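One gets the numbering used here by counting positions in the sequence shown from 1 and adding 5 to each. Just so it is clear, CB atoms sit at the ideal spot from N, CA and C, and this is done for glycine as well. This structure is a prediction, so every number in the text was calculated from the model and none was measured. A short write-up of the structure that comes next.
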Amino acid sequence: MLHIELKERIETTFDATRVASVTLRRDALDVSLANGVELTLRIAGPHEYAIAWRWGDAEMRIDTAPRPAGVDARAPSNAAHPNHLHTPDGRVVADPVTKIGAEPWRNVRVLIERLADAPLLGHEPPSAHGSSDARAVTS
Numbered sequence: 006m007l008h009i010e011l012k013e014r015i016e017t018t019f020d021a022t023r024v025a026s027v028t029l030r031r032d033a034l035d036v037s038l039a040n041g042v043e044l045t046l047r048i049a050g051p052h053e054y055a056i057a058w059r060w061g062d063a064e065m066r067i068d069t070a071p072r073p074a075g076v077d078a079r080a081p082s083n084a085a086h087p088n089h090l091h092t093p094d095g096r097v098v099a100d101p102v103t104k105i106g107a108e109p110w111r112n113v114r115v116l117i118e119r120l121a122d123a124p125l126l127g128h129e130p131p132s133a134h135g136s137s138d139a140r141a142v143t144s
């Protein structure tokens with residue numbers, strides 16, 4: 006039921022310059038943004054959600070999955086709990102977008118707005134062709 010409501014709100018809030026399509030699946034909502042981001046929303050409620058997206062080869066995720074047993078809660082990669090962001094390079098960091106306990110629509114709306122402007126939320130991998138790779142060619 007929640008995914009149906011979210012689909013309707015996405016379709017009425019965002020125009021084609023932001024959202025290209027919204028597809029309801031049995032257990033999720035797939036959202037294609039106009040900038041090429043492919044987003045999958047799995048939201049059980051304000052405290053339980055998994056939101057994954059990819060842009061090109063990069064994949065990211067925000068979720069509320071619990072910390073595995075035996076993992077030190079003070080470890081930097083686990084300081085972001087219960088909601089946290091999985092970056093393209095495999096790190097787990099504090100979630101800069103969603104608020105645990107907030108209305109699901111608030112979290113979805115804010116994330117779509119942010120991803121439309123910055124698909125990797127500032128976690129872009131370093132360029133493969135930096136200025137140090139430039140070489141002068143003489144004949």
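- The alpha-carbon of aspartate 94 is positioned some 8 Å away from that of proline 130.
- Residue burial is scored here from C-beta neighbours: leucine 29 has fewer than 16 other C-beta atoms within 10 angstroms and is therefore classed as exposed.
- With respect to glycine 50, leucine 11 sits apart: the two C-beta atoms are not nearer than 9 Å.
- The C-alpha of arginine 14 lies about 32 Å from the C-alpha of arginine 96.
- Alanine 99 and isoleucine 67 have their alpha carbons spaced roughly 9 Å apart.
- In this structure, leucine 38 keeps its C-beta atom at 9 Å or more from the C-beta atom of leucine 90.
- The three-state secondary structure of valine 115, taken from DSSP, is helix.
- The residues Thr28, Thr45, in chain order, have a CB closer than 6 Å to that of aspartate 35 in the same chain once the five nearest residues on each side in sequence are set aside.
- In this structure, Tyr54 is the residue among Gly61, Tyr54, Arg59 with its C-alpha nearest to the C-alpha of threonine 69.
- Per DSSP, arginine 14 is one residue of the alpha helix (DSSP H) stretching across 7–18.
- DSSP places leucine 126 outside both helix and strand once states are collapsed to three, so it counts as coil.
- Taking the C-beta atoms as reference points, proline 87 is found no nearer than 9 Å to proline 101.
- Considering only His52, Thr92, Val42, the residue with the shortest C-alpha distance to threonine 103 is His52.
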